[in-house]
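S.K.: First, the structure itself, so that you have it in front of you.
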Amino acid sequence: MQLLHNNIKFVNRFLPHTNHWLILVASVPVSLSCGTLFVYSVYGTQLADRCQLDSSQAANLNISATIGTAFGSVLGGFVTDIYGTQIPMLISCFSISIGYLWLYFQYTRGPQSSLIQLLMAMFLVGIGSVAGYFSSIKAVTISFPLYKGSAQSITIASFAISSLLFSYIATNTFHGDVGRFLRFLSFACGLSIFIGFIFIRVDGHIDAEVEDNIEDATEHNDLKHLTLKQSFSHPVFWYHYFIFAIVQGLGQMYIYSVGFLLKAIHYYYTHKPGRLESEILSLNKLQALHVSIIAIASFLGRLSSGPQSDYLVHKLNSQRHWVLVLGLFLMLAGHLLSSVRINAIFSDLDTVNLYLSVVSALIGYAYGFSFTSYPAIISDLFNIKNFSFIWGAMYTATTFGLTLMTKVFGYVYDVNTVHWDEHEKDFVCAKGSDCYNLTFRITSGLTFLVIAAILGYIYEKRPKKSISL
């Protein structure tokens, strides 16, 4: 690794000059390319059909990509902190490019494709989706020490809008041709991340000179001077780890489960006695609409979170945790609205769709707003030298939070799936909003507890006023 680092240093002599603005601009194509991991929903079904994969095998592709992101976040974070941003950029560039090209070749083989090779390809895509992304987050954090929240929000928001952008390209440029789309992803993502290699050049183990002067106004403590091992064993790290797990679980559970939620609502209203044919909306269009609403709302939430957190710190001398509190209050509103028995209130699907669109917008915005505040909070608390590795480790909390919340949703949904449908030849949930109400009552209570815990932390870390006699 040291040899590669030295060779890159030599190559850098011939690369164009860079600065903090070029680093920020270059982080956008890197984040857009890394965010293509979530475009899997666009081509996943056709890939499974072409390669003749059953549902469990197709699900394993998602799991393989998730394992890749976990591996890439830790590896990329460790390498970034020690050797700088360029090696993770190369790892991301080659991993994602080879991964998509590998998927393309397996797709062209169809039934003769290898499941093992498909899993390995998705694993590479997972690695490539986070190594360069986390590296670019650290780069903009160091490049804009006084406005780290605003800079991070641009990078993180670009990652969020990626799926919507590439979904549009897949539909309107490639018209559903998965083979050509995968080949396009291979070259486009590789080239975009290579732009990051050229311009995002930040050395490892570097501290911004002004770092000591820009700490959170209420966080004058020894956390920034801790070693990596001491940071991981500190109660403050684990407090933020569990809070982050719950925050991620609250947002991503809705994102991943909204399809089932809409399916229950759609089934209830389309099988309701006395309904009119004109009232029927396509379930696919309904789901696509809400996915788009969530993506756009999350993008706007991420984009607006950073500037507001910087304003709190530098203008009001307050803590960034207040941004998290605001985001969670919006999240609480969305979950409370989801817990309402809308079957008893609305009589037609159009009105219900409008109601749920507000819910999707609220939760999408709240999730993006809350998530984006976290990297800046972590960089305020801990040593910037170890930021990428600590943030990579913190990000693993997503797995636990998402697993817990989706298990609760799945259990409640399955308990209510007791109606046999002759047409579907399967049990379905015909209770509408009663299929999932209990889940959101539970998560609403959990959200309230998390808000209380964060307010307690803010109170504990408030500036202590000295009393002069």
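For the sequence shown, our numbering puts the final residue at 1295, and the numbers step up evenly by one.
We treat Cβ as the ideally placed atom computed from N, Cα and C, and that holds for glycine.
When you compare only the Cα positions, how much space is there between G1258 and L1112?
M.R.: Sequence index remark: in the sequence shown, residue 1258 carries index 432 (1-based). Sequence index remark: in the sequence shown, residue 1112 carries index 286 (1-based). If I take the Cα positions, the gap works out to 15 Å.
S.K.: If we count the other Cβ atoms within 10 Å of its Cβ and call it buried at 16 or more, is D880 buried or exposed?
M.R.: By one-based count along the sequence shown, residue 880 stands at place 54. With fewer than 16 Cβ atoms within 10 Å of its Cβ, D880 is classed as exposed.
S.K.: Kindly confirm or deny that the stretch 959–970 and the stretch 845–862 touch, where touching means at least three C-beta pairs closer than 8 Å.
M.R.: In short, these stretches touch, since the Cβ pair count reaches three.
S.K.: Please work out which residues of its chain come closer than 6 Å, Cβ to Cβ, to S1164, disregarding the five sequence neighbours upstream and downstream, and give them in chain order.
M.R.: Taking the sequence shown and counting its residues from 1, one reaches residue 1164 at position 338. Around S1164: V1185, F1266.
S.K.: If the criterion is Cβ atoms closer than 8 Å, does the pair G1132 and Q932 meet it?
M.R.: Your numbering for residue 1132 matches position 306 in the sequence shown. Your numbering for residue 932 matches position 106 in the sequence shown. No, they are not a contact pair.
S.K.: Can you name, in chain order, every residue of its own chain whose Cβ lies under 7 Å from the Cβ of L916, other than the five neighbours on each side?
M.R.: Taking the sequence shown and counting its residues from 1, one reaches residue 916 at position 90. Cβ neighbours of L916 beyond the five flanking positions: F1023.
S.K.: For P914, count the other beta carbons within 10 Å of its own beta carbon; 16 or more makes it buried, fewer makes it exposed. Which is it?
M.R.: Start at 1 with the first residue of the sequence shown, and residue 914 comes out as number 88. When all chains shown are included, P914 counts as buried.
S.K.: Which word fits T997, buried or exposed, when buried means at least 16 other C-beta atoms lie within 10 angstroms of its C-beta?
M.R.: For the purposes of this step, residue 997 is identified with residue 171 of the sequence shown, where counting begins at 1. Label assigned to T997: exposed.
S.K.: Please check the pair T895 and G952, which I expect to be a contact at CB under 8 Å, by giving their CB distance rounded to whole angstroms.
M.R.: Looking up residue 895 in the sequence shown gives position 69. Looking up residue 952 in the sequence shown gives position 126. Contact holds; Cβ gap of about 4 Å.
S.K.: Could you tell me whether the Cβ atoms of M827 and Y930 are closer together than 8 Å?
M.R.: Working through the sequence shown from its first residue, we reach residue 827 at position 1. Working through the sequence shown from its first residue, we reach residue 930 at position 104. Not a contact, by the Cβ cut-off of 8 Å.
S.K.: Kindly provide the ranges of any beta strand (DSSP E) runs that are 3 or more residues long and lie completely inside the stretch 1206–1271, ordered along the chain.
M.R.: Here the runs fully enclosed are 1245–1247, 1252–1254.
S.K.: Note down the Cα distance separating M1231 from Y1082, rounded to an integer number of angstroms.
M.R.: For the purposes of this step, residue 1231 is taken as residue 405 along the sequence shown, with counting starting at 1. For the purposes of this step, residue 1082 is taken as residue 256 along the sequence shown, with counting starting at 1. In a straight line, the C-alpha of M1231 is about 10 Å away from that of Y1082.
S.K.: Any contact of the stretch 1200–1210 with the stretch 1136–1149, i.e. 3+ C-beta pairs under 8 Å?
M.R.: At 8 Å Cβ cutoff, the stretches touch.
S.K.: T934: which of I942, D1003, S976 sits nearest, CA to CA?
M.R.: Locating residue 934 in the sequence shown gives position 108, where the first residue counts as 1. Ranking the options by Cα distance to T934, first place goes to D1003.
S.K.: Between the stretch 1166–1184 and the stretch 1137–1154, do three or more beta carbon pairs fall short of 8 Å?
M.R.: Segments in contact, no.
S.K.: Let me know the secondary structure DSSP gives C1015 once reduced to three states.
M.R.: On the sequence shown, residue 1015 is found 189 positions in, with the first residue counted as 1. Note: C1015 maps to helix in three-state DSSP.
S.K.: Go through its chain and collect everything with a Cβ distance to E1035's Cβ below 8 Å, but skip five positions before and after it.
M.R.: Looking up residue 1035 in the sequence shown gives position 209. Unreliable positioning characterises E1035 in this predicted model, as indicated by a pLDDT of 47, which lies under 50. A coordinate reading is not provided.
S.K.: Mind checking F1253: buried by the 16 CB within 10 Å criterion, or exposed?
M.R.: Counting from one through the sequence shown, the residue named residue 1253 turns up at place 427. Counting Cβ neighbours within 10 Å, F1253 comes out exposed, since fewer than 16 surround it.
S.K.: Which runs of the alpha helix (DSSP H) at least 4 residues long sit entirely within the stretch 1157–1216? Give them in chain order.
M.R.: The stretch 1157–1216 contains these whole alpha helix (DSSP H) runs: 1175–1207.
S.K.: K1309: which of N1212, L1087, G1236, I1277 sits nearest, CA to CA?
M.R.: The requested residue 1309 does not occur in the structure, where the chain is confined to residues 827 to 1295.
S.K.: Measure from the alpha carbon of G898 to the alpha carbon of each residue in Q912, L1272, F949, then state which is nearest.
M.R.: Within the sequence shown, the letter at position 72 stands for residue 898. For G898, the nearest C-alpha among the options comes from F949.
S.K.: If A874 sits next to S989, beta carbons under 8 Å apart, how far is it from one beta carbon to the other, in whole angstroms?
M.R.: As a position in the sequence shown, residue 874 is number 48, starting the count at 1. As a position in the sequence shown, residue 989 is number 163, starting the count at 1. Between S989 and A874 the Cβ distance is about 19 Å, and since that is not below 8 Å, they are no contact.
S.K.: Rounded to whole angstroms, what is the Cα-Cα separation between F1235 and F840?
M.R.: Translated into positions along the sequence shown, residue 1235 becomes position 409. Translated into positions along the sequence shown, residue 840 becomes position 14. About 54 Å.
S.K.: Nearest to L1156 by alpha carbon, out of Y1193, N845, C877, I1168?
M.R.: Along the sequence shown, one-based indexing puts residue 1156 at 330. Considering only alpha carbons, the answer is Y1193.
S.K.: One question on the structure: do T1269 and H1116 come within less than 8 Å of each other, judged by their Cβ atoms?
M.R.: Walking along the sequence shown from the start, residue 1269 turns up at place 443. Walking along the sequence shown from the start, residue 1116 turns up at place 290. No, Cβ-Cβ distance for T1269 and H1116 is not below 8 Å.
S.K.: Determine the extent of the alpha helix (DSSP H) in which L916 is found, giving its start and end residues.
M.R.: As a position in the sequence shown, residue 916 is number 90, starting the count at 1. It spans 912–935 - the alpha helix (DSSP H) in which L916 sits, taken as one unbroken run.
S.K.: Within the same chain, show all residues whose beta-carbon is closer than 7 Å to that of N1263, passing over the 5 residues directly before and after it, in chain order.
M.R.: Your numbering for residue 1263 matches position 437 in the sequence shown. These residues qualify, in order along the chain: S1165, R1167.
S.K.: In this structure, does DSSP put N1110 in helix, strand or coil?
M.R.: Position 284 of the sequence shown, counting from 1, holds the residue named residue 1110. Helix at N1110.
S.K.: I'd like the list of long-range same chain contacts for F1063, defined as Cβ closer than 7 Å, with 5 residues on each side in sequence excluded.
M.R.: Taking the sequence shown and counting its residues from 1, one reaches residue 1063 at position 237. S1057, listed in sequence order.
S.K.: Which two residues bound the contiguous alpha helix (DSSP H) that contains N832?
M.R.: In the sequence shown, counting from the first residue as 1, residue 832 sits at position 6. N832 -> alpha helix (DSSP H) spans 828–837.
S.K.: Please name the residue in S1124, D907, L1107 whose C-alpha comes closest to that of T1053.
M.R.: Here residue 1053 refers to the residue found at position 227 of the sequence shown. With distances taken between Cα atoms, T1053 lies closest to D907.
S.K.: Output the boundary residues of the alpha helix (DSSP H) element that contains V1084.
M.R.: Counting from one through the sequence shown, the residue named residue 1084 turns up at place 258. Run containing V1084: 1061–1096, per the alpha helix (DSSP H) assignment.
S.K.: Cα-Cα, which of Y973, T981, S890, K974 is closest to Q943?
M.R.: Position 117 of the sequence shown, counted from the start, is the residue given in the question as residue 943. Considering only alpha carbons, the answer is S890.
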